[in-house]
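> Attaching a single structure in structure tokens format; questions to follow.
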Amino acid sequence: MTLVSGWGRFPVVDSDVLRLRSFEAVGVAVVTGSVARGNGRAYGDAAIGAVRTIGMTGFDRVRSFDPATGRIRLEAGVLLSDLIDTFGPRGFLPFVVPGTRFVSIGGAIAADVHGKNHHCEGGFGRYVDSILLRTGQGETIEASREQNSDAFFATVGGMGLTGIILEATMRLRPAETGWIRERVISASDLDAAMRALDAGDAATYSVAWIDCAARGRDLGRSLIYLGEHAGKDELAEGAVAFPAGKNRGLAVPIDLPAMTLNRTSIRAFNGLYYRMGARRAGGDHVVSLYPYFFPLDSIADWNRIYGRRGFLQHQCVIPEPGARAVLGEILDRVARRGDASFLAVLKKLGQGDGILSFPLPGYTLALDFPVKGDILNFLDEIDRLVVAAGGRLYLAKDARQSRAIFEAGYPALSRFNAIRKSLDPAGNIRSKLSQRLLDEV
Ligand SMILES: Cc1cc2nc3c(=O)[nH]c(=O)nc-3n(C[C@H](O)[C@H](O)[C@H](O)COP(=O)(O)OP(=O)(O)OC[C@H]3O[C@@H](n4cnc5c(N)ncnc54)[C@H](O)[C@@H]3O)c2cc1C
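Letter 249 of the sequence shown, counting from 1, is numbered 249 in full-length UniProt numbering, and no numbers are missing.
What follows is the structure, given as structure tokens:
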């Protein structure tokens, strides 16, 4: 057994972790209580097997690529970072990227990850045509919208609980360059931020970074980043069409003491960040896709700044009617506590594609908190506000929500459970997350 955790380093639990290299070995390795693990970027306990964790990053081959259509067949352990580095210079990028590029294809499908374009282009699963799935009862099936469609829609967003994704066929987006035309808008409070996001509905990419230490009149003050793919004719003279992804220069070498993050340091950092960003607000700037999409990737192991006890990310989505009031209430409670992350992220989402996909039309807010004090009770209270407003929490970020909150947020759960049971009647596929939230007890 090995001690293992997600990106938030909470909880840390025992599981038998294997890293396999052949599909035959995957078949043999699945015992009761197994789940696949990609690159471990889910924050909580989703990628930890109840008994055994099947590491998939060894499956990193591209099977075929058609440059005429952008269709690609690849193994589930390929990382988005490798896909971008390899196919970007050839004029193709993934349609959807989350806030880090260090995620696997299997992990991106299983969480049906969303990017800054979910409001207009949907999630990762929308661009997946088919999946080769090894089910819990040992069958290997191809699932698509036409064939084994229940298995397909349960696997997109199904957090690995329908089986092990071995390969996928998906579509890439033609992209002339690896540059983004960015517009920064500064919003002095939450109303202005939400108005700016609404006004940015037509933009391909939009996201707001909120200063969650700001209170009173400044509550919800934000910088909104809109983005479009830049054409070659927009690049500075001499600029290469596809910038190189920087290797992560800075790293956090040790677990920082928990006191490093305190009310004063967070307020100071956020205030500075807001003022510097506000100065750039206004016109368009062309920036490399790496800082635009993946600002946190430039610091390796940044999860260590929260100290040894780890941290929790709380990401909720709240449907549009009533979202303003609930977001205001959450941000006010968070600002009064003073220990939330440097910056919170607010984005608009559209409809998710999978049965258990997180997105629904509304606003999603993501906040980080160090694990300490009464944080678990505090988040339980926030959860109740979220589900009372018809919202839900994102499983890929979750380490602690209760079963009741989960069930209230995911009304299609019984359909998901029925499909999961038909694919795996003996219940072999189980993660720590499924034990906490879904499995019969
Ligand atoms: C800095 C940062 C920013 C992020 N930003 C976003 C964001 O903007 N949008 C967003 O949607 N998410 C975001 N995430 C979350 C992340 O995209 C998801 O958790 C994603 O699933 C991680 O992929 P992974 O390969 O690391 O998978 P893991 O964390 O290893 O696993 C995640 C889930 O996928 C399942 N899984 C993995 N591989 C397979 C497989 N081969 N077959 C079946 N199931 C599999 C696991 O069982 C688990 O349930 C972010 C995470 C970080 C750390």
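Beta carbons are placed, not taken as given, at the ideal position from N, Cα and C, and that holds for glycine. All values derive from a computational prediction rather than experimental measurement.
With ligand 1 as the reference, list in chain order each residue whose Cβ lies under 5 Å from any of its heavy atoms.
W7, V35, A36, R37, G38, N39, G40, R41, A42, A46, A47, M56, A76, P98, G99, T100, V103, S104, G106, G107, A110, A111, V113, H114, M159, G160, I164, I165, L296, A396
> Applying the criterion that 16 or more other CB atoms from any shown protein chain within 10 Å of the CB defines a buried residue, is M400 buried or exposed?
The residue asked about is misnamed: residue 400 is Arg in this sequence, not Met. So R400 ends up on the buried side.
> Taking the C-alpha atoms as reference points, what is the distance between G216 and R333?
Approximately 11 Å, taken between the alpha carbons.
> If you measure between the beta carbons of S104 and A76, is that distance less than 8 Å?
yes
> Of all the options G283, A46, D129, which has the alpha carbon lying nearest to the alpha carbon of S186?
In this structure, G283 is the residue among G283, A46, D129 with its C-alpha nearest to the C-alpha of S186.
> For E167, does the count of other Cβ atoms within 10 angstroms reach 16, so buried, or fall short, so exposed?
buried
> I need the DSSP call for Y292, collapsed to helix, strand or coil.
helix
> Is the segment 400-412 in contact with the segment 338-351, if contact means three or more CB pairs nearer than 8 Å?
no
> Using the three-state DSSP reduction, which class does E237 fall into: helix, strand or coil?
coil
> Report the rounded CA-to-CA distance for F416 versus A29, giving the unit in angstroms.
25 Å
> Using the DSSP secondary-structure output, state which residues sit across from W179 in a beta bridge.
Residue pairing for W179: DSSP places it in a beta bridge opposite S288.
> Taking Cβ to Cβ, would you say L393 is nearer than 8 Å to D383?
Less than 8 Å divides the Cβ of L393 from the Cβ of D383.
> Based on DSSP bridge pairs, tell me the residues matched to I382.
In the DSSP output, where bridge partners are listed per residue, I382 has none listed.
> Please identify the residue among I429, S434, G70 whose C-alpha is closest to the C-alpha of F406.
It is S434 whose Cα lies nearest to the Cα of F406.
> Using the three-state DSSP reduction, which class does M276 fall into: helix, strand or coil?
helix
> Between the Cα of G328 and the Cα atoms of G350, L365, I299, which residue gives the shortest distance?
Ranked by Cα distance from G328, the options G350, L365, I299 are led by L365.
> Give me, in chain order, the residues of the same chain whose beta-carbon lies closer than 8 Å to that of F102; leave out the 5 immediate sequence neighbours on both sides.
Result list for F102: N39, R41, L79, L80, S81, D297, in chain order.
> My guess is that L356 and T135 are in contact by the Cβ rule of under 8 Å, so how many angstroms apart are they, rounded?
Incorrect: roughly 16 Å between the Cβ atoms, too far for contact.
> If you follow the beta strand (DSSP E) that S34 is part of, which residue opens it and which one closes it?
34-37
> Helix, strand or coil, according to DSSP, for Q435 in the structure here?
helix
> Starting from A42, follow the beta strand (DSSP E) in both directions and report where the run begins and ends.
Element bounds for A42: n/a, residue is neither H nor E.
> Could you name each continuous beta strand (DSSP E) segment of 3 residues or more that falls completely within the segment 117-143, going from the start of the chain to the end?
128-134
> Which value, in whole angstroms, describes the spacing of the CA atoms of G8 and L376?
14 Å
> Under the DSSP definition of a beta bridge, which residues are partnered with A50?
For A50, which the question treats as bridged, DSSP gives no partner whatsoever.
> With a threshold of 7 Å on Cβ separation, who are the neighbours of V156 within its own chain once the five nearest residues in sequence on each side are excluded?
Within the same chain, and ignoring the five residues on either side of V156 in sequence, the residues whose Cβ sits closer than 7 Å to its Cβ are I109, D112, G125, V128, D353, G354, S357.
> When burial is assigned at 16 or more other CB atoms within 10 Å of the CB, is S64 buried or exposed?
exposed
> Identify which residue in S265, L223, P67 has its Cα closest to the Cα of R279.
Of the listed residues, the one whose Cα sits closest to R279 is L223.
> With DSSP as the reference, label R90 as helix, strand or coil.
helix
> In whole angstroms, what separates the C-alpha of V240 from that of S288?
When rounded, the separation of the alpha-carbon atoms in V240 and S288 is 10 Å.
> Please work out which residues of its chain come closer than 7 Å, Cβ to Cβ, to F92, disregarding the five sequence neighbours upstream and downstream, and give them in chain order.
Same-chain partners within the cutoff: G70, L172, R173, P174, A175.
> Excluding the five sequence neighbours on either side, which residues of its own chain have a C-beta within less than 6 Å of the C-beta of S5, listed in chain order?
V12
> Any heavy atom of ligand 3 closer than 7 Å to the Cβ of D380?
Absence of ligand 3 from the depicted structure is noted, with ligand 1 being the only ligands included.
> Whose C-beta lies closer than 7 Å to the C-beta of G27 among residues of the same chain, with five residues either side of it excluded?
R134, G138
> Could you give the first and the last residue of the continuous beta strand (DSSP E) run that contains F369?
Per DSSP, F369 belongs to the beta strand (DSSP E) from 362-370.
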